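Below is one structure; the comments refer to it alone.
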Amino acid sequence: MFEFLAAPFRVSVSRTVAIAIATICAACSSNSTGAMPGGIAISAGDGQSAVVGTGLSTAFIVTVTDGSGGAISDVNVDFRATGGAVLSDTVAATDASGMAETTVVVGNSVGVDTITATVAGVNSTATITANATAGAASYLTLVSGNNQTGTHGTALGAPFVVLVHDQFGNKVAGATVTWLGSFGGVTSTADTTGQALLHYTLPATIGTDTVTAAVASTGSAVIFSATGS
Numbered sequence: 000m001f002e003f004l005a006a007p008f009r010v011s012v013s014r015t016v017a018i019a020i021a022t023i024c025a026a027c028s029s030n031s032t033g034a035m036p037g038g039i040a041i042s043a044g045d046g047q048s049a050v051v052g053t054g055l056s057t058a059f060i061v062t063v064t065d066g067s068g069g070a071i072s073d074v075n076v077d078f079r080a081t082g083g084a085v086l087s088d089t090v091a092a093t094d095a096s097g098m099a100e101t102t103v104v105v106g107n108s109v110g111v112d113t114i115t116a117t118v119a120g121v122n123s124t125a126t127i128t129a130n131a132t133a134g135a136a137s138y139l140t141l142v143s144g145n146n147q148t149g150t151h152g153t154a155l156g157a158p159f160v161v162l163v164h165d166q167f168g169n170k171v172a173g174a175t176v177t178w179l180g181s182f183g184g185v186t187s188t189a190d191t192t193g194q195a196l197l198h199y200t201l202p203a204t205i206g207t208d209t210v211t212a213a214v215a216s217t218g219s220a221v222i223f224s225a226t227g228s
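Residue numbers (numbering that gives the first Met the number 0): 0 to 228.
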């Protein structure tokens, strides 16, 4: 009786294992063709620049291939970003050409954003970088030089210095700052650190004088005061 039951029991277990293995393998492919993903590569979108808070002109596109290098469709690609970038899609399925994509809006801080694409079961990844650059001048802050005193008709000991920011607070190089006072008006250009300065000479008369620093079309201004004795 024991020997009679043992053989069918072993056959039944073997068939169950075989079915389970086949099911697992089918799930691993994650696509309608049944091909196993073997690699992922960048097709477009690397090395771009955009002003903070705006989108890259070209989407991040990757191609997923099988072990023989052929493109495969219906494979989910995971996209992840660091550095503040925002993605239109964090998961996208490959099309008939094996391609998947996401559009990228760079972060609000100047610097490099990194976006990486991965596929489950594939050891390699596809990574691009995007450079977020400062936006247009939006406002000024006072750095140094205010409330100095000196002899009338002579140059102050330190310049008036302002810092130019974009709408997100990033430093803006190259912006033109206009300085207005009793002398009329002059301009200076913000350096690579976003600072603009004015070396000021006090009026020939004794008293307190004011100088206003402004950036055109922003409505932002900083007022400096200096007293000649």
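Ideal Cβ positions, reconstructed from N, Cα and C, are used throughout, including at glycine. The model shown is predicted, which means the values in this text are computed figures rather than measured ones.
Burial state of residue i (16 or more Cβ within 10 Å)
i    : result
S258 : Examination of residue 258 is not possible in this model, given that the chain is present from 0 through 228 alone.
V76  : buried
I71  : buried
A26  : Because the pLDDT of A26 is 39, which lies under 50, any placement of that residue in the model is unreliable, and the number read from its coordinates should be weighed accordingly. Its Cβ having fewer than 16 others within 10 Å, A26 is exposed.
F78  : buried
A154 : exposed
G144 : buried
F223 : buried
Cβ-based neighbour list, residue i, same chain, cut-off 7 Å, excluding 5 preceding and 5 following
i    : result
I60  : S42, A43, G44, M98 and E100
A40  : V61, T62 and A125
L196 : P158, F159, V160 and S187
T192 : K170
V85  : V104
Y138 : H164, T217 and S219
D240 : No answer is possible for residue 240: the residues shown for the chain start at 0 and end at 228.
Bridge partner(s) assigned by DSSP for residue i
i    : result
Q47  : A129
I39  : V63
I222 : T211
N75  : A92
G68  : Paired residues: none, contrary to the question.
G227 : G149 and G206
G54  : V104
8 Å CB neighbourhood of residue i in its chain, flanking five on each side removed
i    : result
V142 : V160, V161, L162 and Q194
T204 : H151 and G227
D208 : G180, S181, L201, P202, S224, A225, T226 and G227
Whole-angstrom distance between residue j and residue i, CA atom to CA atom
i    : j    : result
A136 : V210 : 20 Å
S96  : A212 : 57 Å
W178 : V51  : 28 Å
G83  : S108 : 7 Å
T140 : V90  : 42 Å
V214 : V176 : 5 Å
A174 : A189 : 5 Å
S67  : G54  : 35 Å
A34  : G69  : 9 Å
N122 : T81  : 20 Å
G106 : G156 : 40 Å
A58  : T102 : 5 Å
V111 : G38  : 26 Å
A115 : A129 : Sequence check: residue 115 is Thr here, not Ala. Looking at the two C-alpha atoms, the distance is approximately 11 Å.
Q166 : G134 : 7 Å
T132 : G168 : 12 Å
G183 : G206 : 17 Å
D88  : A172 : 33 Å
Contacting residues, own chain, Cβ-Cβ under 6 Å from residue i (five flanking each side not counted)
i    : result
H198 : P158
A220 : T211 and A213
G180 : V210
Residue i: CB within 7 Å of a non-hydrogen atom of the ligand GTP
i   : result
V85 : Among the components of this structure there are no ligands whatsoever, and the ligand GTP is therefore not found.
#### Entry: Complete beta strand (DSSP E) runs within the segment 81-116 (minimum length 3 residues, chain order)
90-92 and 98-101
#### Entry: Whole beta strand (DSSP E) elements within the segment 132-168, 3-residue minimum
138-143, 147-149 and 159-164
### Task
Please specify which runs of the beta strand (DSSP E), each continuous and at least 3 residues long, are wholly inside the segment 172-209, giving them in chain order.
175-180, 183-188 and 194-197
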